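Contents: one structure, followed by commentary.
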Amino acid sequence: MQPPPPELAQTLPQVLESHFDMVERAVLALPIATALGSALAFRPRRRGTPARSAPVIETQIVLAVVGATVMLVVGSSLARAFGIVGAANLIRYRAKIDDPKDAVVMLSTLSMGLCCGVELYGLALFATVFLLAVLWAVESIEPELTKHFELKVTAGDPAALRGDIEAILRRYHVKFELRSLGQKEVVYDSELPLHTRTDRIANAILSVGKNGDTEVAWDEKKAKK
Numbered sequence: 020m021q022p023p024p025p026e027l028a029q030t031l032p033q034v035l036e037s038h039f040d041m042v043e044r045a046v047l048a049l050p051i052a053t054a055l056g057s058a059l060a061f062r063p064r065r066r067g068t069p070a071r072s073a074p075v076i077e078t079q080i081v082l083a084v085v086g087a088t089v090m091l092v093v094g095s096s097l098a099r100a101f102g103i104v105g106a107a108n109l110i111r112y113r114a115k116i117d118d119p120k121d122a123v124v125m126l127s128t129l130s131m132g133l134c135c136g137v138e139l140y141g142l143a144l145f146a147t148v149f150l151l152a153v154l155w156a157v158e159s160i161e162p163e164l165t166k167h168f169e170l171k172v173t174a175g176d177p178a179a180l181r182g183d184i185e186a187i188l189r190r191y192h193v194k195f196e197l198r199s200l201g202q203k204e205v206v207y208d209s210e211l212p213l214h215t216r217t218d219r220i221a222n223a224i225l226s227v228g229k230n231g232d233t234e235v236a237w238d239e240k241k242a243k244k
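Structure representation (structure tokens):
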């Protein structure tokens with residue numbers, strides 16, 4: 020086995036030292052950015068202001084980490100700064116993204132690519148692992164996905180069935196609000212967990228109906244964009 024070239028033997032320690040130095044800086048910078056971003060994202064809400072959505076909170080936290088990573092890449096290089104601006108514009112103008120969190124994840128992948136492009140592999144690896152941990156933590160605060168329906172139950176005496184219907188809805192963890200109660204039908208605005216099957220709820224409601232004159236109809240309400 021031949022020994023490595025003398026040039027490699029001389030430069031390898033310097034390269035490893037520079038990578039270690041960059042990772043050492045990231046170990047300090049990224050947690051501080053996360054803490055400060057979280058402080059701003061979870062700031063106390065003034066009375067009368069609208070509630071903050073989970074995706075926006077997550078975006079604010081992750082964006083702080085991405086910003087710190089990008090600045091570690093840029094350092095004092097003006098050329099790198101211009102390159103990052105140009106790459107970010109590709110996402111801004113070429114990609115149509117509805118969820119702000121998806122946009123910031125795209126920026127995260129961009130920053131990882133920038134790290135690799137300038138051969139900061141140690142920083143790329145550490146930042147990727149760190150961002151995975153941050154994303155896992157912030158995504159845990161997201162509310163459970165749901166689907167919305169207008170539930171209409173037609174029966175001979177819907178008022179008599181109302182108690183049984185609402186007990187069934189609670190059993191299946193359905194959030195509901197009574198919309199109307201007439202002589203022949205009762206209507207609810209309902210919110211179901213995403214993976215709850217409406218046919219099981221309908222069969223349970225039909226089982227408490229009398230004389231076989233009960234009908235159940237689900238009308239899905241699409242979210243407005």
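Following this note's numbering, the numbering of the sequence shown begins with 20 at its first residue and continues without gaps.
Using N, Cα and C, we set each Cβ at its ideal position, and we do this for glycine too.
Keep in mind the model is a prediction, meaning the values are calculated, not measured.
Contact annotation: V172 and V235 have beta-carbon atoms nearer than 9 Å. A Cβ-Cβ separation of about 6 Å places T165 in contact with L211 under the 8 Å criterion. Distances from the CA of E138 to each of R219, A174 and V42 were compared; the closest alpha carbon is that of V42.
Counting along the chain, L225 sits inside the alpha helix (DSSP H) bounded by residues T217 to V227. Closest in C-alpha terms to G86, from the list F195, G67, L129 and R189, comes L129. Separation of the CB atoms of D238 and F168 is rounded to 6 Å, and the pair is thereby assigned contact status at 8 Å.
Comparing alpha-carbon positions, the option among L225, A58 and P74 lying closest to S159 turns out to be P74. The beta carbons of T53 and V153 sit closer together than 9 Å. Just measuring C-alpha positions, the residue of Y191, A186, R64 and V205 sitting nearest D218 is Y191. Here the alpha carbon of P50 sits roughly 12 Å from the alpha carbon of V148. For R99, the three-state secondary structure derived from DSSP is helix.
Counted as a single uninterrupted DSSP element, the alpha helix (DSSP H) harbouring K120 occupies residues P119 to G136.
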